[in-house]
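In order, the protein sequence lines correspond to chains A and B. According to numbering that gives the first Met the number 0, the first sequence is numbered sequentially starting from 0. According to numbering that gives the first Met the number 0, the second sequence is numbered sequentially starting from 0. We put the beta carbon where it would ideally sit given N, CA and C, even for glycine. Small disclaimer: the values here were computed from a predicted structure and weren't measured. Everything below concerns the one structure shown next.
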Amino acid sequence: MVPVDDRKVARCRELADAIAADVQRFIDVHTTVGVERTVLRAYGVSGVNDEGVPLVNLVVDRYREAGLLDRGITHFLARALARGARSVQEAAEGLAYSSILDDDSTGPTREEEQLAIADATQAALDRIDLAREKREALKRVHAPGAAPLKYVIVATGNIHDDALQAKAAAFAGADIVAVIRATAQSLLDYVPEGATTEGYGGTFATQENFRIIRAAMDESTRNFGRYIHQTNYSSGLCMAEIAWIGAVEGLDMLLNDAMYGILFRDINMCRTFVDQYVSRRLIARAGIVINTGEDNYLTTADAIDKAHTVLASQFINEAFAFRAGLREEQLGLGHAYEIDPWIEDSFLIELAQAQLVRQIFPRHPIKWMPPTKHKTGDIFFAHVHEAMFNLVGVTTNQSIELLGMLSEAVHNPMLMDRYLSLKATRYVHSACKHLGDEITFKPDGRIARRAVQVLDEALAQLEEVAREGIWDAIGRGAFADVKRTRTGGKGYSGVLKKHAGYMNPLLDALEASP
Amino acid sequence: MSRKELIRAYGDRQNDGMVQMSFVLPIAPSARAREAAKVFAGEHGLRDPLVATMEACAEGYAFFVVYGRSTHAVDFAAIEVPEVSTRALSHDEIESIIKSDIQRKVVVVGACTGADAHTVGIDAILNYKGYGGDKGLESYKGFEAFNMGAQVENEQLAARARAVGADAILVSQVITQRDCHKENGKALVDLIKSQGWRDEVLLLFGGPRIDHKLALDLGFDAGFGPGTKPSDVAAFVVERVRARVQR
Numbered sequence: 000m001v002p003v004d005d006r007k008v009a010r011c012r013e014l015a016d017a018i019a020a021d022v023q024r025f026i027d028v029h030t031t032v033g034v035e036r037t038v039l040r041a042y043g044v045s046g047v048n049d050e051g052v053p054l055v056n057l058v059v060d061r062y063r064e065a066g067l068l069d070r071g072i073t074h075f076l077a078r079a080l081a082r083g084a085r086s087v088q089e090a091a092e093g094l095a096y097s098s099i100l101d102d103d104s105t106g107p108t109r110e111e112e113q114l115a116i117a118d119a120t121q122a123a124l125d126r127i128d129l130a131r132e133k134r135e136a137l138k139r140v141h142a143p144g145a146a147p148l149k150y151v152i153v154a155t156g157n158i159h160d161d162a163l164q165a166k167a168a169a170f171a172g173a174d175i176v177a178v179i180r181a182t183a184q185s186l187l188d189y190v191p192e193g194a195t196t197e198g199y200g201g202t203f204a205t206q207e208n209f210r211i212i213r214a215a216m217d218e219s220t221r222n223f224g225r226y227i228h229q230t231n232y233s234s235g236l237c238m239a240e241i242a243w244i245g246a247v248e249g250l251d252m253l254l255n256d257a258m259y260g261i262l263f264r265d266i267n268m269c270r271t272f273v274d275q276y277v278s279r280r281l282i283a284r285a286g287i288v289i290n291t292g293e294d295n296y297l298t299t300a301d302a303i304d305k306a307h308t309v310l311a312s313q314f315i316n317e318a319f320a321f322r323a324g325l326r327e328e329q330l331g332l333g334h335a336y337e338i339d340p341w342i343e344d345s346f347l348i349e350l351a352q353a354q355l356v357r358q359i360f361p362r363h364p365i366k367w368m369p370p371t372k373h374k375t376g377d378i379f380f381a382h383v384h385e386a387m388f389n390l391v392g393v394t395t396n397q398s399i400e401l402l403g404m405l406s407e408a409v410h411n412p413m414l415m416d417r418y419l420s421l422k423a424t425r426y427v428h429s430a431c432k433h434l435g436d437e438i439t440f441k442p443d444g445r446i447a448r449r450a451v452q453v454l455d456e457a458l459a460q461l462e463e464v465a466r467e468g469i470w471d472a473i474g475r476g477a478f479a480d481v482k483r484t485r486t487g488g489k490g491y492s493g494v495l496k497k498h499a500g501y502m503n504p505l506l507d508a509l510e511a512s513p
Numbered sequence: 000m001s002r003k004e005l006i007r008a009y010g011d012r013q014n015d016g017m018v019q020m021s022f023v024l025p026i027a028p029s030a031r032a033r034e035a036a037k038v039f040a041g042e043h044g045l046r047d048p049l050v051a052t053m054e055a056c057a058e059g060y061a062f063f064v065v066y067g068r069s070t071h072a073v074d075f076a077a078i079e080v081p082e083v084s085t086r087a088l089s090h091d092e093i094e095s096i097i098k099s100d101i102q103r104k105v106v107v108v109g110a111c112t113g114a115d116a117h118t119v120g121i122d123a124i125l126n127y128k129g130y131g132g133d134k135g136l137e138s139y140k141g142f143e144a145f146n147m148g149a150q151v152e153n154e155q156l157a158a159r160a161r162a163v164g165a166d167a168i169l170v171s172q173v174i175t176q177r178d179c180h181k182e183n184g185k186a187l188v189d190l191i192k193s194q195g196w197r198d199e200v201l202l203l204f205g206g207p208r209i210d211h212k213l214a215l216d217l218g219f220d221a222g223f224g225p226g227t228k229p230s231d232v233a234a235f236v237v238e239r240v241r242a243r244v245q246r
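Here it is, written out as structure tokens:
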């Protein structure tokens with residue numbers, strides 16, 4: 000244990016809550032094209048046109064161009080149903096293709112609309128609950144492995160090869176498999192359809208691809224008698240749509256961060272804040288664990304000087320998550336082993352941060368990320384570097400450990416890279432299983448002093464961010480040394496102020512979820 | 000003709016040819032699998048291959064580590080590689096050269112041209128996040144970097160570069176078929192030459208199949224292969240721009 004002043008931690012939470020409250024006032028009165036498309040998907044609207052454009056995009060774009068989307072797409076869907084459309088799909092096709100645009104001038108009353116959409120809203124919630132129950136039932140039969148859970152990525156570009164590699168990873172001891180997305184999918188303002196076999200840097204996240212990997216992992220779960228988790232990315236311009244797809248396809252985890260897209264993908268901050276809220280409302284109901292992206296800060300900013308920004312951001316991510324209904328057990332707050340390995344006592348500094356985060360967030364499934372920034376093509380050294388990372392992970396009882404790959408700086412992991420990594424990690428985790436229970440840190444030693452320093456600096460940063468507001472803080476580069484403006488970045492044109500008559504009964508129901 | 004200078008891999012004695020290789024074969028471990036790994040290593044020119052490790056790394060896949068003596072030799076005297084002759088500069092050194100010697104922003108336009116949809120290379124060099132812990136040109140105060148993304152036509156790229164008064168154009172080619180990366184690259188050089196402003200701009204070519212020699216052959220000023228860091232590109236550009244400014 001390292002010394003942690005509970006009053007300082009309480010103050011950090013109070014400040015983070017104030018920061019999130021300020022943004023929540025904005026979120027509550029805005030929607031986005033992504034949110035509205037998510038609602039359509041949840042109501043069961045599916046399909047693409049001849050050019051591969053999803054129907055949900057066609058509907059939402061048409062009503063946005065007409066200046067009517069601020070009323071909520073559900074409003075128009077409900078009106079079409081109240082007027083006699085035989086199904087949600089038929090109603091949506093009408094909204095997309097009918098020669099007459101519903102200009103909202105006359106027609107059903109609000110009561111008639113609510114009646115027309117009520118069953119579809121309940122059906123959407125039932126789909127989430129059913130997928131959750133199915134996952135929990137399988138977990139009751141086949142319990143997950145011991146913490147730290149071993150998380151590996153596959154990224155072949157072809158979903159069928161991914162499924163094969165994912166099964167191989169489960170064979171070699173993996174507990175969690177992520178299919179890395181194709182480069183730049185986060186910037187697509189639509190979700191591609193179908194099973195995909197071509198992708199650079201990864202494989203597209205599509206509903207069908209999620210199903211293929213889920214089936215493969217369920218098979219591995221039964222084969223190896225150990226529950227294998229599936230994860231993907233609820234981030235980018237389709238953050239909320241992916242959350243919906245993940246929720247109904249039985250994903251266990253989703254990368255989901257309140258600020259990552261703003262900082263690292265230059266997505267507009269208004270857009271991201273609204274999208275993250277709605278995505279998290281879905282994730283909360285689905286019982287999915289989120290993984291936040293603070294580890295990335297240390298790839299652009301210095302891992303020693305800016306360590307406190309990781310902790311500050313974890314408090315902020317937590318505050319946003321609480322406001323979206325997530326429980327502590329769903330918060331896989333991220334951090335990473337990114338200090339230059341050639342700095343004296345770098346291991347001690349890493350240990351201090353990992354122990355500090357573990358103690359401040361005791362019920363959270365903390366996500367521990369491996370070295371990447373200081374990796375080179377020397378795969379043999381990289382293997383040693385990762386052993387040290389694993390040692391910190393097991394000693395400080397991290398919950399989810401993304402395994403480092405010896406070929407990190409060379410290529411996406413291959414079968415043998417993953418195998419060697421899993422084997423070495425099994426060794427370190429087993430050899431040091433109870434090390435953390437056996438050691439104490441000197442109360443005034445280097446590790447304890449470092450932990451105190453990081454918490455103090457995080458508190459100071461949160462005081463500053465709370466004073467200026469998160470919008471301006473990001474504007475001056477408070478996180479990851481990256482600066483973004485309130486109206487800059489991608490996707491800003493997809494943000495709309497809600498009309499007084501805005502209708503979204505699905506979101507209302509999610510907000511009322513226990 | 001200069002004398003041959005034959006070299007071989009070194010283990011612990013001159014010319015012993017000792018190398019290690021590791022690989023996966025799509026077969027389960029067995030005595031036959033071990034023999035297959037030996038034959039496989041032998042086909043790669045390894046004498047006396049020793050299969051040091053054979054383990055099941057997935058169902059139906061075996062992982063091998065093999066040591067052996069390579070029979071191959073390389074005539075080092077015959078190896079010629081033109082290298083980009085720029086000394087490595089740190090981020091701060093680059094900023095300081097721009098500030099004190101160039102005294103204006105250095106403008107760079109980059110794109111992945113033709114049908115290639117892969118921005119990973121151009122993003123690594125230009126975008127803030129950079130590559131391998133080395134921040135991209137966007138992160139420099141002294142650079143004005145425009146990243147046009149993927150599937151950009153040469154005409155568009157040239158027009159944009161001219162409009163913003165680019166000091167340098169960065170062309171990235173990641174995925175290629177039948178040498179189309181060479182044709183695309185050369186077409187840009189020819190286009191700019193025909194428009195009469197080749198001397199006003201630096202042309203840089205980059206990608207996993209690109210090296211400096213190829214780039215020079217195609218008419219570029221420099222070529223950057225895999226592993227290039229943003230600061231390598233930045234250093235080359237500022238040194239060349241400084242030379243122009245001071246001329």
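- If one requires a minimum length of 4 residues, the alpha helix (DSSP H) runs lying completely within the region 152-179 of chain B are 153-162, in chain order.
- From the beta-carbon of Gly200(A), the residues of chain B found nearer than 7 Å are Val119.
- The C-beta separation of Glu337(A) from Thr298(A) comes to about 7 Å, placing the pair in contact by the 8 Å criterion.
- Within the region 396-417 of chain A, those residues whose Cβ lies closer than 7 Å to any Cβ of chain B are, in chain order, Ala408, Leu414, Met415.
- Contact check for Pro364(A) and Gly403(A): beta-carbon distance about 19 Å, past the 8 Å limit, so the pair fails to qualify.
- With a threshold of 16 other beta carbon atoms within 10 Å, Glu50(A) falls short and is exposed.
- Excluding its 5 nearest sequence neighbours in each direction, His71(B) has C-beta neighbours in its own chain below 7 Å: Gly44, listed in chain order.
- It is roughly 15 Å from the alpha-carbon of Gly487(A) to the alpha-carbon of Gly235(A).
- Interface criterion met: the Cβ of Cys56(B) is under 8 Å from a Cβ in chain A.
- Nearest to Ser69(B) by alpha-carbon distance, out of Gly10(B), Glu238(B), Leu169(B), is Gly10(B).
- Collapsing the DSSP output to three states places Tyr96(A) in a helix.
- DSSP, read as helix, strand or coil, puts Gly129(B) in coil.
- Residues of the same chain with a CB within less than 7 Å of the CB of Phe22(B), apart from the 5 flanking positions on each side, are Phe63 in chain order.
- Proximity of chain B to Thr298(A) at the Cβ level (cut-off 8 Å) is accounted for by Lys128, Gly132, in chain order.
- For the region 151-175 of chain A, the beta-carbon criterion of a distance under 7 Å to any beta-carbon of chain B is satisfied by Ala167, Phe170, Ala171.
- For Ala81(A), the uninterrupted alpha helix (DSSP H) segment begins and ends at 72-81.
- The beta-carbon distance between Gly33(A) and Glu240(A), rounded to whole angstroms, is 6 Å. This is short enough to meet the 8 Å contact definition.
- A distance below 7 Å between beta-carbons, with the five flanking residues on each side excluded, links Trp243(A) to the following residues of its chain, in chain order: Thr37, Arg40, Ala41, Leu281.
- Setting aside the 5 residues that flank it on each side, Ile93(B) is surrounded in the same chain by Tyr139, Gly141, Ser230, Ala233, Ala234, Val237, each with a C-beta closer than 8 Å to its C-beta; the list follows chain order.
- Looking from the CA of Lys432(A), the closest CA among Ile26(A), Val55(A), Pro147(A) belongs to Pro147(A).
- A contact between stretches requires three or more CB pairs, one per stretch, nearer than 8 Å, and the region 69-82 of chain A meets this requirement with the region 90-98 of chain A.
- At a cut-off of 8 Å between beta-carbon atoms, Val23(B) makes contact with chain A.
- Taking all protein chains in view, the Cβ of Gly106(A) is surrounded by fewer than 16 other Cβ atoms within 10 Å, so the residue is classified as exposed.
- For the C-beta of Phe145(B), not a single chain A residue is nearer than 8 Å; the gap to the nearest is close to 14 Å.
- Taking the Cα positions, Pro53(A) is about 24 Å away from Cys269(A).
- Straight-line spacing of the CA atoms in Glu64(A) and Lys496(A) works out to 14 Å.
- Under the DSSP assignment, Met252(A) falls in the beta strand (DSSP E) whose first and last residues are 252-254.
- Around the beta carbon of Ala87(B), fewer than 16 other beta carbons sit within 10 angstroms, so the residue counts as exposed.
- Distance between Asp60(A) and Ala447(A), taken at the CA atoms: about 55 Å.
- Under a criterion of Cβ atoms nearer than 8 Å, no residue of chain B is adjacent to Lys489(A); the nearest Cβ is some 12 Å distant.
- Taking all protein chains in view, the Cβ of Asp166(B) is crowded by 16 or more other Cβ atoms within 10 Å, so the residue is classified as buried.
- If you draw a straight line from the Cα of Leu203(B) to the Cα of Ile209(B), it comes to about 11 Å.
- Across the structure, Arg357(A) and His334(A) are spaced so that their CA atoms are roughly 11 Å apart.
- Going by C-alpha positions, Glu35(A) is about 15 Å away from Gly500(A).
- By the criterion of at least three beta-carbon pairs nearer than 8 Å, the region 386-397 of chain A is not in contact with the region 319-330 of chain A.
- Interface annotation for the region 178-207 of chain A against chain B: Thr182, Ala183, Tyr199, Gly200, criterion Cβ-Cβ distance under 8 Å.
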